[in-house]
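For what it's worth, the working numbering labels the leading residue of the sequence shown as 32, then goes sequentially.
A virtual CB, placed ideally from N, CA and C, is assigned to each residue, including glycine.
These notes concern the structure reproduced below.
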Amino acid sequence: MERLLFEKFGFKSFREGQREVIESIVQGRDTLAMLPTGSGKSLCFQFPSYIFNGQVLIVSPLLSLMQDQVEHVMVRGEKSVIAINSFLPFKQKRYALNHLHKYRFIFISPEMLALDEVKKALLTCSIALFVVDEAHCISQWGPDFRPDYLSLGQIREELGSPVTLALTATATPKIREDIRTALKMKTPDEWIYSVDRPNISLKVETASSFTEKVHILKQYISTLKAPGIVYFSSKRLADELADEINSALSKNIASYHAGLDQEQRILIQQQFLHNQLEWVFATSAFGMGVNKENIRTVIHFHLPSSMESFVQEIGRAGRDNKKSISILLYSKGDEQIPINLLELERPSLRQINDFKKWHRKVDTPADLEEKIGITDIQNRVLQYYISHERNDQYWADTVFNKMTDRLTEKYVKISQIVAYAASPVCRRRMVAESFYETKELQQPQCCDICGLHLKEFEMDEVFEDKENIADWKERLALLF
């Protein structure tokens, strides 16, 4: 295996967990793998493709992640790779679907995979390995706003139940059970490794007011090593503070969120990847598709919605194994922001009953949303439930109760991250225990509770623009 590893990927040895996962797959066993962020999970599905006879279908959650993975596959000389997504022009998409059997790697989103024309094209292929990357999204996103994630098990069966690999960096036992159920994995091999990233130090900084929190953020931006990411819950605030701190400190900062169009988002990603930006002020939309090894600092201006999200986001740092730092800025009452966002997710019982009454009587989804006062996301989720839950006189109550149970779970997750922020004990231990890990993790430069010296994380040299992209569109053209 080492010879093939070197010939195809240029590596002399496997990282922790990679060999075990690959051996399970090659032996034809469904596999669920939880490997730390930055541990090289993509090798686990790329390597077997050179042993199997057949193709690898990879379900990926974000356009940016697909784009990044396709680029990395092509850079090492493998050209038989395609991403089927909205970025493809119509003619190229049509050509790709007609010639899908020619590609070794096929990247696709759950929503695209649900389309009849795509499933029809896939039936002409020989899918040897079905991969769900970032598989925790099945549990975290599926029931709330991306219901096509919940249909992946059925699609897998339609494709002949190929060997299946579910990959994630953050999954509690409950989330792993959700993954197994959704993908209809009966007795998969499970390779579960610690979420701990020893090279990332952990710190919480408390602020008595919003003004003080902004002041603290400015201090950190001016002193801590870049590149870095600052996470916000608010698109507006990410924009405003990026502009304000850019002007005050003359830093190269951009804001990134779902309110930007695709080209703007991709431009910012490329600028950040190639050191044209020092900091990105972002919502949670940023990071999953950004494979940058030398991120030194991750700051959370707002509370993340769960410990899983927190670990995913701080895991962007230190992928080169050099010392990096995570700082959570916390003010009493910050938890109200994610709680308020949760309250907006669930439609009322009246709206659910109205949906049942009207969903077949209106012309378009937009008409239905306007008539009963629901969002497009709530509409998609209710459409899923109307086709998958028994449609009887109790349907609305059943769906409302399921959504209420889901909200309760999320409130518990918010309370976990609040406990982390207020913890008088080792923060690394708090993170580990939230994933049901019990081993002792204390170490030098562990966290602000155990003892942490910020000097190691402060700038010792001027951030340099090391690369210049003359035309980012030319770079993107290489991908498609």
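Taken in chain order, the whole beta strand (DSSP E) runs of length 3 or more contained in the region 128 to 187 are 136 to 139, 158 to 163.
Between G108 and A452, the alpha-carbon positions lie close to 45 angstroms from each other. Under the 10 Å beta carbon count, W389 is surrounded by fewer than 16 other beta carbons and is classified as exposed.
Within 10 angstroms of the beta-carbon of L233 lie 16 or more other beta-carbons, which makes it buried.
Here L183 has V90, P141, L144, V163, I169, A213, L214 as same chain residues with Cβ atoms under 8 angstroms from its own Cβ, once five neighbours each way along the sequence are excluded. Secondary structure in the region 446 to 488: no beta strand (DSSP E) run of 3 residues or longer lies completely within the stretch. Taking C-beta separations shorter than 8 angstroms and ignoring five residues to either side along the sequence, the partners of K402 in its chain run D385, W389, V393, following chain order.
Using a 10 angstroms sphere on the CB of Y361, the tally of other CB atoms reaches 16 or more, which defines it as buried. When secondary structure is reduced to three states using DSSP, F312 falls in the strand class. From the listed residues L35, L413, F118, the smallest Cα separation to L380 is found for L413. Pairing I408 with S336 gives a Cβ-Cβ distance that is not under 9 angstroms.
Secondary structure note for E236: its beta strand (DSSP E) is the uninterrupted segment 231 to 237.
For H331, the uninterrupted beta strand (DSSP E) segment begins and ends at 328 to 331. Three or more pairs of CB atoms, one per stretch, sit closer than 8 angstroms, so the region 233 to 242 contacts the region 351 to 369.
A Cβ-Cβ separation of about 5 angstroms places F136 in contact with V87 under the 8 angstroms criterion. Contact annotation: the region 127 to 135 does not touch the region 44 to 63, with fewer than three C-beta pairs closer than 8 angstroms. Taking a contact as a CB-CB distance under 8 angstroms, the pair K354 and Q476 counts as one, their CB atoms being some 7 angstroms apart.
Classified as exposed, T435 has fewer than 16 neighbouring CB atoms from the shown chains inside 10 Å of its CB.
As the crow flies, the alpha-carbon of N306 is around 10 angstroms from that of I326. By the criterion of a C-beta distance shorter than 6 angstroms, S454 is surrounded in its chain by M461, once the five residues flanking it on both sides are discounted. Approximately 6 angstroms separates the beta-carbon atoms of F312 and L272; this is inside 8 angstroms, confirming the contact. With 16 or more other CB atoms across the displayed protein chains lying within 10 angstroms of its CB, I115 is buried. Annotation: the continuous beta strand (DSSP E) that includes I260 extends over 259 to 262. Per DSSP, the beta bridge partners of L198 are A64.
Here Q49 has G71, L74, C75 as same chain residues with Cβ atoms under 7 angstroms from its own Cβ, once five neighbours each way along the sequence are excluded. In the DSSP assignment, the residues bridged to V112 are F136.
For S264, the closest alpha carbon among the candidates I370, V52, E275, L36 is that of I370. Around L399, the same chain offers W389, H390, V393, N410 as residues with beta carbons nearer than 7 angstroms, after the five sequence neighbours per side are excluded. DSSP lists I158 as the bridge partner or partners of Q86. Between the region 117 to 127 and the region 77 to 86 there are fewer than three C-beta pairs closer than 8 angstroms, too few to call the two in contact. In the three-state scheme derived from DSSP, where H, G and I count as helix and E and B as strand, A348 is classed as coil. H103 and A397 have their C-alpha atoms spaced approximately 39 angstroms apart.
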